[in-house]
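Student: Please see the structure below; I have some questions.
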């Protein structure tokens with residue numbers, strides 16, 4: 245068992261190569277909008293609400309797809325679930341590169357969202373099948389780091405690729421890379437170990453059991469800070485941080501790209517360190533996973549409030565800190581993992597992921613709608629509108645942390 249579960253074992257390599265590189269590609273595809281938003285606004289004459297909706301369609305379809313994916317993961321395992329779904333992402337990336345109108349952009353983002361929806365959850369499911377529970381926080385952190393690196397490459401490097409070969413050609417290359425990702429999952433990833441009783445339960449019953457988690461206070465309590473923290477990550481790093489850098493900080497393309505890369509660097513560090521730090525603090529008896537999770541969410545709210553108060557170029561470096569702590573919300577997944585049995589974990593994690601993406605969709609779209617209420621000057625959205633949006637997101641994070649703190653105090657997080 246030691247050899248099988250070691251991070252240097254052939255099994256772990258066969259897990260990490262397809263799922264780690266695949267999650268890198270998943271985040272890269274999702275985040276490219278932040279850099280290319282000026283190109284899309286110019287070429288397709290998009291309003292702030294159009295831009296927010298087009299980008300957030302990815303998130304809502306990504307989230308809705310969690311329902312069948314959660315059931316399929318518990319029924320069929322990671323490999324057999326993920327590889328077929330990735331074909332939707334291949335089609336979506338190719339369609340985006342060929343798009344000639346707003347409708348094609350929206351449809352392509354929907355296809356990419358459905359296709360990539362299982363990337364993270366399938367990896368979590370496969371890791372849970374092959375690694376002991378005490379190894380999961382570090383394994384999840386290493387996987388999440390790959391996502392953070394994907395986001396970093398979706399800033400200045402992808403902008404350079406747009407300049408070199410054009411954004412349409414870049415998306416055709418991404419379609420080919422996604423097809424290679426699907427092949428790697430199918431041919432390289434190990435077959436899943438049996439997942440438990442879920443294999444013997446009818447699919448419709450599994451789906452209804454997924455919704456049943458919404459009636460559990462422990463689930464909702466854990467979901468709240470993750471929803472807020474990851475909502476900041478997806479709503480801003482996947483789109484609105486780019487316009488913020490241009491409109492509020494007043495940066496040009498080079499400076500904005502550098503600051504966005506730094507923000508993604510903060511997220512990458514947070515993704516990698518969330519499990520490592522949570523385990524380190526708990527081993528020493530200083531902070532439980534839950535206390536660490538709560539403090540991280542509180543820091544997100546505090547630094548967002550500071551950004552809203554400054555509302556200028558001086559606040560740009562703070563996005564790196566915000567994203568570092570927002571990424572710490574990933575510890576919610578191993579917290580959820582140890583609350584549920586092996587036959588339930590795929591559905592529980594997928595439902596958590598759905599809630600995160602539902603609220604990320606709403607935050608990203610509502611920011612665009614809110615900015616539409618403010619005048620556009622010289623092709624830039626209103627700095628005051630950005631301030632109001634950032635402050636609203638900060639208050640949402642604070643409220644979710646307060647709910648989680650209440651749940652901790654009242655003992656709602658006890659394992660069932």
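Residue numbers (the numbering used here): 245 to 660. Note that CB positions come from ideal geometry on N, CA and C, so glycine has one too. Please read all numbers here as calculations on a predicted model, not as lab measurements.
I'd like to know if the region 307-321 and the region 256-270 are in contact, where contact means that at least 3 CB-CB pairs between them fall below 8 Å.
Tutor: Not touching, per the Cβ criterion.
Student: Look up residue 278 in the DSSP assignment and say whether it is helix, strand or coil.
Tutor: Your numbering for residue 278 matches position 34 in the chain shown. Of the three classes helix, strand and coil, the one that applies to residue 278 here is helix, per DSSP.
Student: Note down the Cα distance separating residue 613 from residue 291, rounded to an integer number of angstroms.
Tutor: What you label residue 613 is simply residue 369 of the chain shown in a count that begins at 1. What you label residue 291 is simply residue 47 of the chain shown in a count that begins at 1. About 9 Å.
Student: Taking residue 382 as the reference, give the member of 478, 536, 602, 578 with the closest Cα.
Tutor: One-based indexing of the chain shown puts residue 382 at position 138. Nearest option by C-alpha distance: 578.
Student: When we look at the beta-carbon of residue 559 and count the other beta-carbons within 10 Å, is it buried (16 or more) or exposed?
Tutor: Stepping through the chain shown from its first residue, residue 559 is reached at position 315. When all chains shown are included, residue 559 counts as buried.
Student: For residue 635, which residues in the same chain have their Cβ closer than 8 Å to its Cβ, ignoring the five residues on either side in sequence?
Tutor: As a working note, residue 635 is residue 391 in the chain shown. These residues qualify, in order along the chain: 548, 549, 552.
Student: Rounded C-beta distance between residue 264 and residue 454? I'm assuming under 8 Å.
Tutor: The sequence position of residue 264 within the chain shown is 20, counting from 1. The sequence position of residue 454 within the chain shown is 210, counting from 1. The pair is not a contact, with the Cβ atoms about 26 Å apart (cut-off 8 Å).
Student: Return the CA-CA distance between residue 276 and residue 654, expressed in angstroms with no decimal places.
Tutor: Here residue 276 corresponds to residue number 32 of the chain shown, with the count starting at 1. Here residue 654 corresponds to residue number 410 of the chain shown, with the count starting at 1. Spanning the two alpha carbons is a distance of roughly 42 Å.
Student: Thinking just about the alpha-carbon of each residue, which of 336, 582, 643, 297 is nearest to the one in residue 379?
Tutor: On the chain shown, residue 379 is found 135 positions in, with the first residue counted as 1. Ranking the options by Cα distance to residue 379, first place goes to 582.
Student: Can you check DSSP and say which residues form a bridge with residue 624?
Tutor: What you label residue 624 is simply residue 380 of the chain shown in a count that begins at 1. Its beta-bridge partners are 621.
Student: Please classify residue 344: does DSSP put it in a helix, a strand, or coil?
Tutor: Along the chain shown, read from residue 1 onward, the residue named residue 344 stands at position 100. Of the three classes helix, strand and coil, the one that applies to residue 344 here is coil, per DSSP.
Student: Could you have a look at residue 584 and say whether DSSP puts it in helix, strand or coil?
Tutor: The residue labelled residue 584 in the question sits at position 340 within the chain shown. DSSP places residue 584 in coil when its eight states are reduced to three.
Student: In angstroms with no decimal places, state the Cα-to-Cα distance between residue 605 and residue 591.
Tutor: Translated into positions along the chain shown, residue 605 becomes position 361. Translated into positions along the chain shown, residue 591 becomes position 347. Taking the straight line from one Cα to the other gives about 21 Å.
Student: With DSSP collapsed to three states, give me the class of residue 493.
Tutor: In the chain shown, residue 493 corresponds to position 249, counting from 1. Looking at residue 493 - three-state DSSP - the assignment turns out to be coil, as it is neither helix nor strand.
Student: Would DSSP call residue 609 helix, strand or coil?
Tutor: Position 365 of the chain shown, counting from 1, holds the residue named residue 609. The answer is helix: DSSP assigns residue 609 an H, G or I state.
Student: Tell me where the alpha helix (DSSP H) around residue 407 begins and ends.
Tutor: Sequence index remark: in the chain shown, residue 407 carries index 163 (1-based). Residue 407 -> alpha helix (DSSP H) spans 400-409.
Student: Does DSSP put residue 439 in a helix, a strand or coil?
Tutor: Start at 1 with the first residue of the chain shown, and residue 439 comes out as number 195. Its pLDDT being 49, under 50, residue 439 is placed unreliably by the model, and the measurement read from it follows with that caveat. Coil at residue 439, not helix or strand.
Student: Using CA coordinates, which residue listed in 506, 346, 639, 601 is at the minimum distance from residue 678?
Tutor: Since the first residue shown for the chain is 245 and the last is 660, residue 678 is missing from the structure and cannot be characterised.
Student: Which of helix, strand or coil does DSSP assign to residue 544?
Tutor: For the purposes of this step, residue 544 is taken as residue 300 along the chain shown, with counting starting at 1. Three-state DSSP puts residue 544 in a helix.
Student: Assign residue 487 to one of two classes, buried (16 or more other C-beta atoms within 10 Å of its C-beta) or exposed (fewer than that).
Tutor: Within the chain shown, residue 487 is the residue found at index 243, counting from 1. It is buried - the Cβ of residue 487 has at least 16 other Cβ atoms within 10 Å.
Student: Helix, strand or coil for residue 517? Go by DSSP, reduced to three states.
Tutor: For the purposes of this step, residue 517 is identified with residue 273 of the chain shown, where counting begins at 1. Residue state, collapsed to three classes: helix.
Student: Answer with buried or exposed for residue 442, where buried requires no fewer than 16 other C-beta atoms within 10 angstroms of its C-beta.
Tutor: As a working note, residue 442 is residue 198 in the chain shown. A caution first: residue 442 carries a pLDDT of 49, below 50, which makes its placement in the model unreliable, though a value can still be read off. The residue in question, residue 442, is buried, as its Cβ has 16 or more Cβ neighbours within 10 Å.
Student: Check each candidate in 302, 254, 471, 419 and name the one with the smallest Cα separation from residue 593.
Tutor: Position 349 of the chain shown, counted from the start, is the residue given in the question as residue 593. Of the candidates 302, 254, 471, 419, the one whose C-alpha sits nearest the C-alpha of residue 593 is 471.
Student: With 16 other CB atoms within 10 Å as the buried threshold, where does residue 622 fall?
Tutor: Counted from its first residue, the chain shown places residue 622 at position 378. Looking at its Cβ environment, which holds fewer than 16 other Cβ atoms inside 10 Å, residue 622 is exposed.
Student: In three-state terms, what does DSSP make of residue 321?
Tutor: Position 77 of the chain shown holds residue 321. It is coil, neither helix nor strand.
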